[in-house]
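In the working numbering, the protein residues as written are 1 to 277.
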């Protein structure tokens, strides 16, 4: 029998005021170490997820859910910093659905406006931070356990993983948090719904990867001049379950950081320096 963990979780958060009555919940993730990447025995594993390596993550905050369309509009209404933002970019409409049709540059622009508004340093999470957050202390393919079901996450339920069974293929995004199950850190929708941008440059494997949780950059150019592939995590409503695993990592062949797609959204991170004051 396959065990699926569905316990509701609580977390230490702070609430960011975005203006016009809109807020953003940020969850505290305390310093810790974990093994990043997939073991040789994991179903669906890829060479791009190895070698496994230990990473130590400093304490930081991560948004409880992917950024919603209502949150996107609120920040898009703030004074511009470097880049215009389309306030109504998403294909699947709904205030509490995740925003999509946003490029990596758009997501960075969102973080810059949020930083200017709050005086806190918002950014996209590093890839290591993202996997640490998703796993929440687990070593299984999903934070639920060895498999996944469409009753717990939004993915292509026509396909199965491990001992799982076929389920529902919704063919669209769902409202964030609608499955009602968080991981042990109190984060929702880490598997499926929308792919999420990370800050790092894409690398084909983990040879030479940082072990301190920092984003892995090949150069220090201005973000808006970066041309290398962007990095995606978490899978989407269209994805087969193997692509929703905690260790799964992906890039898009059709474009690089400039791609916009109804499969791709993001969540935001920030450090603790001013957030606990």
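Think of the CB as a built atom: it goes at the ideal place given N, C-alpha and C, for glycine as much as any other residue.
| Cα separation between residue 100 and residue 53? | The residue given as residue 100 occupies position 100 in the chain shown. The residue given as residue 53 occupies position 53 in the chain shown. The alpha-carbon atoms of residue 100 and residue 53 are separated by roughly 32 angstroms.
| message | For the pair the region 208-215 and the region 143-151, tell me if three or more CB-CB distances fall below 8 angstroms. | response | no
| Anyone know if the C-beta pair for residue 105 and residue 177 falls short of 7 angstroms? | Reading the chain shown from its first residue, position 105 is the one you call residue 105. Reading the chain shown from its first residue, position 177 is the one you call residue 177. In this structure, residue 177 does not lie closer than 7 angstroms to residue 105 by Cβ.
| field | Backbone CA spacing between residue 34 and residue 267 [nearest angstrom] | value | Indexing the chain shown from 1 puts residue 34 at position 34. Indexing the chain shown from 1 puts residue 267 at position 267. So the two alpha carbons sit approximately 21 angstroms from each other.
| field | residue 30, buried or exposed, once every other Cβ within 10 Å from all chains shown has been counted against 16 | value | Counted from its first residue, the chain shown places residue 30 at position 30. Exposed, by the Cβ-count rule.
| Closest Cα partner of residue 231 within the set 80, 270, 129 | Here residue 231 refers to the residue found at position 231 when the chain shown is read from its first residue. Measuring from the Cα of residue 231, the nearest candidate turns out to be 129.
| With a CB to CB cut of under 8 angstroms and the five nearest residues on each side skipped, what residues in its chain are close to residue 184? | Within the chain shown, residue 184 is the residue found at index 184, counting from 1. Cβ neighbours of residue 184 beyond the five flanking positions: 9, 136, 137, 138, 143.
| field | Inter-residue spacing [alpha-carbon to alpha-carbon] between residue 44 and residue 74 | value | For the purposes of this step, residue 44 is taken as residue 44 along the chain shown, with counting starting at 1. For the purposes of this step, residue 74 is taken as residue 74 along the chain shown, with counting starting at 1. If you take the alpha carbons of residue 44 and residue 74, they lie about 39 angstroms apart.
| Using the beta-carbon count (16 or more within 10 Å), is residue 127 buried or exposed? | Start at 1 with the first residue of the chain shown, and residue 127 comes out as number 127. The residue is buried, with at least 16 neighbouring Cβ atoms inside 10 Å.
| request: Might you give, ordered along the chain, the residues of its own chain that have their beta carbon closer than 7 angstroms to the beta carbon of residue 188, omitting 5 neighbours on each side? | output: Taking the chain shown and counting its residues from 1, the one referred to as residue 188 is at position 188. Cβ neighbours of residue 188 beyond the five flanking positions: 64, 65, 176, 177, 182.
| field | First and last residue of the uninterrupted beta strand (DSSP E) at residue 116 | value | Here residue 116 refers to the residue found at position 116 when the chain shown is read from its first residue. Looking at the DSSP string, residue 116 is not in any beta strand (DSSP E); the run it does join, the alpha helix (DSSP H), is 104-118.
| message | Looking at the secondary structure, which residues open and close the beta strand (DSSP E) in which residue 134 lies? | response | On the chain shown, position 134 is the one that residue 134 refers to. Careful: residue 134 lies outside any beta strand (DSSP E), inside the alpha helix (DSSP H) at 127-135.
| Between which two residues does the alpha helix (DSSP H) harbouring residue 233 extend? | For the purposes of this step, residue 233 is identified with residue 233 of the chain shown, where counting begins at 1. Residue 233 -> not in any alpha helix (DSSP H); beta strand (DSSP E) instead, spanning 231-233.
| Out of curiosity, what's the CA-to-CA distance linking residue 38 and residue 20? | What you label residue 38 is simply residue 38 of the chain shown in a count that begins at 1. What you label residue 20 is simply residue 20 of the chain shown in a count that begins at 1. If I take the Cα positions, the gap works out to 43 angstroms.
| query | Looking at the structure shown, is residue 269 part of a helix, part of a strand, or coil, going by DSSP? | reply | The residue given as residue 269 occupies position 269 in the chain shown. In this structure, DSSP gives residue 269 an extended state, which the three-state scheme calls strand.
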